[in-house]
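Colleague:
In this note's numbering, the protein residues as written are 12 to 699.
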């Protein structure tokens, strides 16, 4: 039943609250039909706005009681952000019982209501209105109004199903059934490094202040959030809502921060809407210093019985900050503890790095049959088609065009056959017109959307064609399945106007015939010692000035490597190893290393990690039986800043010169999901 249909410009005269008197659908909503226990379905279509804004457009209902027309009030609790770009269409829904209620008092749905309307708010939830002394909350009303929109609300009774917008609005085609967003079971914070500006984050204060990004960020991060407090209020916070959480589950929060005065802050994790109950962290005080410092602590979720997506993490300043304080925050993560098993101490099987895919389990991976087997969905606006680039001779590619990014925008293929606990390799070619990234899911196609091995893994997309490879092991099922879904997910990283091209998408089992890991030597290796400066280098491309030439990366989890600019010690490039999820076998290696027997060598390199997690380094025979050639997974104590390491050792276990040495950096024992490692200036030479 349609209950509200605004279809005209909202001008300043409405003062941010366009409304109408409820129509005849204003009777008893409890009996005989229980609408009060049902759901509001909302469609917002933007036609024009003077200057496109990011808006929160709430639907509200008011009811008279005790002689006051607005005594009872209820509003949709959490709405998707609507961009004021002509042609934007956003649809959402909310259970009436979950709506916000003024003073906790519900509407008496068996009685007539006084007014229905829309509350026009900023993305931070501040009314763009001059009621109650708000004075437009600092916004210029000329940039907001007239706001020409169509705002339609349909109520569906308890137990009934919404029939689709084409039944209520002329000219609207039946929508495809939205593919539900897979439930993440890895990191749940979006844009925790602020590489996409302040996207997904909101700042609120009832004092005065701002939040924006600054450069550089923590360690080698390019950006961080800076919160500037001009006049402290009683409610001052930086927060992100829409956090997915599992019940009674242990998580770890980590972030880097500092303040110009060393004043502290507090962290909370709670329900985003009323009654704002704690989900596990209740204003935990964090000792902030005047220099960057990485903080982490564990907690167990509480206050809910099934998986939720309405968590809010808040950085709370009101209890500690002073006027003039500046806080910087970066690399925010919430990760489930123990989501990846600890590697067994025995040698693990080791496939050759980056196995070549063999039998592809995907259909039409090169798009030569158009979009057969592939589907595109967005609750924003955009499309997908095939095109033949003039700069490539491989035929068709898929082009995804994003006109207005929605909260669920993906290109996917379902019906994928998979074997349990099996190592696969995903490879594909991609680029975007501006170099914005994308994410990868591999999950069960239908509810409960179990993670089958890839969970929102971020891929570094360039503005030119680049080959990407991800190795992973299937999980979440115990016998062969045929209900897998691979999704290329754009909502976290794309912007309006982005164009992505994809081609040659392959998922195949890793090559057979893998060989075991090097056997650990029982004796401990010597601790690193100071040593004379090496005079030459037996490694190739040790400073990564030629990209990944001569180096290989392998992970049984998910991750990638790339070269990145570094000014450390005059370097141009350094290597970044980014881990999307932990695995039992993660290594960066170079094979074919020449060595002389019983000879003293010096290994030097520079490294750090964003979390301060360590790594190990080894030198062994590249093929079976993987003899220890002098270094057997020697621990290296990394910090969060560049540091040069020197290890002195003597070769062993061969009697004549060899060229089958393999030097590798081993991450599996120490790294966690989300870790970034930086390595540079790798040098191996005989001691002077």
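We put the beta carbon where it would ideally sit given N, CA and C, even for glycine.
None of these values were measured; they are calculated from a predicted model.
Only counting the same chain, and skipping five residues up and downstream in sequence, which positions put a Cβ closer than 6 angstroms to that of residue 700?
Modeller: In the structure as shown, the chain starts at 12 and stops at 699, and residue 700 therefore has no counterpart that could be examined.
Colleague: With respect to the alpha helix (DSSP H) encompassing residue 733, which residues constitute its N-terminal and C-terminal limits?
Modeller: A query on residue 733 cannot be resolved here, the shown segment of the chain reaching from 12 to 699 and no further.
Colleague: What's the C-alpha gap between residue 667 and residue 638?
Modeller: 14 angstroms
Colleague: Closer than 6 angstroms by C-beta to residue 375: which residues in its own chain qualify, once you throw out the five before and the five after it? Chain order, please.
Modeller: 383 and 384
Colleague: Is residue 414 helix, strand or coil by DSSP?
Modeller: strand
Colleague: Mapping the DSSP letters down to three states, classify residue 489 as helix, strand or coil.
Modeller: coil
Colleague: Excluding sequence positions up to five away, which residues of its chain have a Cβ less than 6 angstroms from the Cβ of residue 674?
Modeller: 601, 604 and 630
Colleague: Using the rule of at least 16 other Cβ atoms within 10 Å of the residue's Cβ for burial, across every protein chain shown, is residue 344 buried or exposed?
Modeller: buried
Colleague: Give the straight-line distance between the Cα atoms of residue 341 and residue 126, rounded to the nearest whole angstrom.
Modeller: Rounded to whole angstroms, residue 341 to residue 126 spans 44 angstroms at the Cα level.
Colleague: Out of 80, 393 and 108, which has the shortest C-alpha to C-alpha gap to residue 49?
Modeller: 108
Colleague: Please state the DSSP three-state secondary structure of residue 426.
Modeller: strand
Colleague: I'd like to know whether the C-beta atoms of residue 250 and residue 224 end up nearer to each other than 7 angstroms.
Modeller: no
Colleague: Compare the C-alpha of residue 677 against each of 698, 693, 228 and 643 and name the closest.
Modeller: 643
Colleague: Counting only the same chain and skipping the five closest in sequence on each side, list residues whose C-beta sits under 6 angstroms from that of residue 325.
Modeller: 248, 250 and 279
Colleague: When burial is assigned at 16 or more other CB atoms within 10 Å of the CB, is residue 142 buried or exposed?
Modeller: So residue 142 counts as exposed.
Colleague: In the structure shown, what three-state DSSP assignment does residue 19 receive?
Modeller: Looking at residue 19 - three-state DSSP - the assignment turns out to be strand.
Colleague: Considering only their Cβ atoms, is the gap separating residue 440 from residue 514 smaller than 7 angstroms?
Modeller: Yes, the Cβ-Cβ distance between residue 514 and residue 440 is below 7 angstroms.
Colleague: Report yes or no: do the stretch 16-27 and the stretch 96-114 share at least 3 C-beta pairs separated by less than 8 angstroms?
Modeller: no
Colleague: Inspect the beta-carbon positions of residue 662 and residue 641 and report whether they are closer than 7 angstroms.
Modeller: yes
Colleague: Helix, strand or coil: which one does DSSP assign to residue 472?
Modeller: coil
Colleague: Taking the Cβ atom as the reference point for each residue, do residue 731 and residue 423 lie within a distance shorter than 7 angstroms?
Modeller: In this structure the chain extends from 12 to 699, so residue 731 is not present and cannot be described.
Colleague: State yes or no: is the C-beta of residue 686 within less than 7 angstroms of the C-beta of residue 622?
Modeller: yes
Colleague: Under the three-state reduction of DSSP, which class applies to residue 283: helix, strand or coil?
Modeller: coil
Colleague: Between the C-alpha atoms of residue 566 and residue 390, what's the straight-line distance to the nearest angstrom?
Modeller: 34 angstroms
Colleague: According to the neighbour-count rule (16 or more other Cβ atoms, all chains shown, within 10 Å of its Cβ), is residue 560 buried or exposed?
Modeller: exposed
Colleague: To the nearest angstrom, how far is the alpha carbon of residue 481 from that of residue 471?
Modeller: 12 angstroms
Colleague: Per the contact definition of three or more C-beta pairs closer than 8 angstroms, is the stretch 225-239 in contact with the stretch 284-299?
Modeller: no
Colleague: Based on the DSSP secondary-structure assignment, which residues constitute the bridge partners of residue 139?
Modeller: Residue 139 is not bridged to any residue.
Colleague: Which class does residue 456 belong to by DSSP, given the choice of helix, strand or coil?
Modeller: coil
Colleague: For residue 654, list the residues DSSP reports as bridge partners.
Modeller: Residue 654 is bridged to 618.
Colleague: Got a sec? Which residues, its chain only, sit under 7 angstroms from residue 186 by beta carbon, not counting five neighbours each side?
Modeller: Bear in mind that the predicted position of residue 186 carries a pLDDT of just 43, short of 50, making it unreliable; the figure below should be weighed with that in mind. These residues qualify, in order along the chain: 175 and 176.
Colleague: Taking the C-alpha atoms as reference points, what is the distance between residue 698 and residue 462?
Modeller: 50 angstroms
Colleague: Can you give me the C-alpha to C-alpha distance between residue 415 and residue 388, rounded to a whole angstrom?
Modeller: Here the alpha carbons of residue 388 and residue 415 stand approximately 12 angstroms from one another.
Colleague: Is it right to say residue 379 is buried, meaning 16 or more other beta carbons lie within 10 angstroms of its own, or is it exposed?
Modeller: exposed
Colleague: Per DSSP, what kind of secondary structure is residue 306 in: helix, strand or coil?
Modeller: strand
Colleague: Shortest alpha-carbon distance to residue 99 belongs to which of 166, 496, 511 and 418?
Modeller: 418
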